[in-house]
Amino acid sequence: MCRLDNKVSIVTGSTRGIGKDISLEIARRGAKVVISGRDLARAEEVKGEIENKGGKAIVIPADVSKSEEAQNLINKTLEIWDQIDILVNNAGITKDNLIMRMPETDWDEVINVNLKGTFNCIKSVTRQMMKQRSGRIINITSVVGLMGNPGQSNYAASKAGIVGLTKSIARELSSRNITCNAIAPGYIETEMTKKLDQKIKEALKERIPLGRLGQGKDVAKLAAFLASEDASYITGQVFNVDGGMLIA
Amino acid sequence: MSLEDKVKEIIVDKLGVSEEKVTPEAHFIEDLGADSLDTVELVMAFEDEFNVEIPDDDAQQIATVKSAVDYLNKKLKEAE
Chain W
1 MCRLDNKVSI
11 VTGSTRGIGK
21 DISLEIARRG
31 AKVVISGRDL
41 ARAEEVKGEI
51 ENKGGKAIVI
61 PADVSKSEEA
71 QNLINKTLEI
81 WDQIDILVNN
91 AGITKDNLIM
101 RMPETDWDEV
111 INVNLKGTFN
121 CIKSVTRQMM
131 KQRSGRIINI
141 TSVVGLMGNP
151 GQSNYAASKA
161 GIVGLTKSIA
171 RELSSRNITC
181 NAIAPGYIET
191 EMTKKLDQKI
201 KEALKERIPL
211 GRLGQGKDVA
221 KLAAFLASED
231 ASYITGQVFN
241 VDGGMLIA
Chain C
1 MSLEDKVKEI
11 IVDKLGVSEE
21 KVTPEAHFIE
31 DLGADSLDTV
41 ELVMAFEDEF
51 NVEIPDDDAQ
61 QIATVKSAVD
71 YLNKKLKEAE
C-alpha cells in the first residue's frame with residue numbers, strides 16, 4: 001500500500017459519496033486531509049470519522065463555484081498546514097433533464113460547480129505548488145463525459161471539459177513537477193446514483209462487463225495511488241474505474 | 001540591499017543564471033532562457049518580496065531586468 005504520510009491534501013466535495021471515500025482512504029495512508037463542501041454538519045462527521053481512526057483532518061467549508069471561496073480554501077489550508085501536496089477536485093452535482101426541457105440555470109449551475117469549480121481550485125493552488133516544485137492534482141470526471149448520456153448533457157459536458165482541462169494543466173505545469181490526472185468513475189453506488197430510476201439502474205448493470213455497480217473505495221484506491229510517489233511519472237491521463245463499461 | 005540588487009538576486013535564483021548575465025538590458029526569455037512559466041514565477045516572486053500586487057496587464061510589460069526595476073520603483077513610490 002503506497003503511503004501518503006503527512007501529505008497535505010484537499011478533497012473538494014468530501015462530505016459524501018466518492019469524495020468522502022477518497023478522504024478516508026488517503027487519511028488511512030497517513031495524509032492530512034482538508035474536508036470541504038457546502039454541508040458543514042456532514043463535513044464535521046467525516047472529520048470525526050478520520051480522527052477516530054487516528055488520522056488528521058480539518059474542515060474548511062467552500063462553494064468552489066465561487067472563485068473567492070476556492071481561494072479561501074487554499075489560503076486557509078496554507079495558514080494551518082503550510083503546504084499543499086495533493087488537490088482532489090471531486091465536487092460535482094447533477095441536474096438531469098432532456099435538452100429540450102433543461103432550464104438554462106440547470107446548465108449553468110452544473111457547469112459552474114463541476115467545471116468552473118475545478119478550474120477555480122487549480123488556479124488557486126498553482127502558485128503554491130509551483131513554489132514547492134511538486135504537487136498532485138487529481139480531477140474526478142465521469143464515464144459519462146467520455147461516452148455521453150441522454151438526460152445528462154450538462155453533466156457530460158462539464159465532465160468532458162474536465163478531461164481537456166486535465167490534459168492542458170498537465171502540459172502547463174509538468175516542468176514544475178506537478179502532475180495532473182483524471183479519474184472517470186462509471187456507475188458507483190452513491191447518493192448521486194441512488195436518485196436514478198430503478199429501471200435505468202438495471203439497464204446500466206447489463207452494460208457493465210463486471211456485472212455490478214462500483215464502490216467509492218474502488219475510486220479512492222486509484223486516487224490514493226495517483227497521489228503517491230509511485231505515480232510520479234504519470235500525468236495528463238484519464239483512468240476509467242467503471243467495471244469495463246467503456247472497453248473500446 | 002538596493003531594489004536593483006534584490007531584483008537581480010531574485011532573477012539569479014529563479015532562472016538559475018550567473019550574476020554577470022543579469023544586465024539591465026537582459027531579456028528574460030531571449031537572453032536568460034526563461035520560459036513563459038518562469039516569467040510568471042518571477043512576477044510572483046517580485047510580488048512576494050516587495051509586497052505589491054502586479055496586475056496581468058502590467059506583468060506582460062515586465063520583460064527585461066530594467067523594466068522590472070523601473071516598474072517596481074514606480075510601484076513602491078505609488079504605495080508610499
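Line by line, the protein sequences are chains W and C.
Per my numbering, the first sequence starts with residue 1, numbered consecutively.
Per my numbering, the second sequence starts with residue 1, numbered consecutively.
The beta carbon of each residue, even a glycine, is placed where N, CA and C say it ideally should be.
List, in chain order, every chain W residue whose beta-carbon is nearer than 7 Å to that of residue i.
| i | result |
| --- | --- |
| residue 41 of chain C | 130 |
Please state if the CB of residue j and the CB of residue i are separated by a distance shorter than 8 Å.
| i | j | result |
| --- | --- | --- |
| residue 61 of chain W | residue 43 of chain W | yes |
| residue 23 of chain W | residue 227 of chain W | no |
| residue 151 of chain W | residue 96 of chain W | yes |
| residue 185 of chain W | residue 214 of chain W | yes |
| residue 58 of chain W | residue 93 of chain W | no |
| residue 121 of chain W | residue 87 of chain W | yes |
| residue 54 of chain C | residue 65 of chain C | no |
| residue 239 of chain W | residue 183 of chain W | yes |
| residue 235 of chain W | residue 168 of chain W | no |
| residue 137 of chain W | residue 77 of chain W | no |
| residue 170 of chain W | residue 21 of chain W | no |
| residue 233 of chain W | residue 208 of chain W | no |
| residue 133 of chain W | residue 176 of chain W | yes |
| residue 154 of chain W | residue 166 of chain W | no |
| residue 34 of chain C | residue 10 of chain C | no |
| residue 90 of chain W | residue 140 of chain W | yes |
Residue i to residue j, Cα distance in whole Å?
| i | j | result |
| --- | --- | --- |
| residue 7 of chain W | residue 29 of chain W | 10 Å |
| residue 198 of chain W | residue 114 of chain W | 25 Å |
| residue 247 of chain W | residue 46 of chain W | 34 Å |
| residue 83 of chain W | residue 202 of chain W | 45 Å |
| residue 124 of chain W | residue 75 of chain W | 9 Å |
| residue 224 of chain W | residue 19 of chain W | 12 Å |
| residue 77 of chain C | residue 50 of chain C | 12 Å |
| residue 148 of chain W | residue 102 of chain W | 16 Å |
| residue 192 of chain W | residue 117 of chain W | 18 Å |
| residue 59 of chain C | residue 39 of chain C | 9 Å |
| residue 98 of chain W | residue 56 of chain W | 43 Å |
| residue 52 of chain W | residue 33 of chain W | 14 Å |
| residue 172 of chain W | residue 130 of chain W | 11 Å |
| residue 189 of chain W | residue 61 of chain C | 52 Å |
| residue 48 of chain C | residue 7 of chain C | 12 Å |
| residue 25 of chain W | residue 23 of chain C | 52 Å |
For residue i, which residues in chain C fall below 9 Å Cβ to Cβ?
| i | result |
| --- | --- |
| residue 176 of chain W | 37, 41 |
Please determine whether the Cβ atom of residue i lies at a distance below 7 Å from any heavy atom of the ligand ATP.
| i | result |
| --- | --- |
| residue 1 of chain W | Inclusion of the ligand ATP in the displayed structure is not the case, the ligand content being empty and no account of it being possible. |
In chain C, which residues lie less than 7 Å from residue i when you measure between Cβ atoms?
| i | result |
| --- | --- |
| residue 127 of chain W | 44 |
Three Cβ pairs or more, each shorter than 8 Å: is that satisfied between the stretch 33 to 51 of chain W and the stretch 11 to 21 of chain W? A contact between stretches requires three or more CB pairs, one per stretch, nearer than 8 Å, and the stretch 33 to 51 of chain W meets this requirement with the stretch 11 to 21 of chain W.
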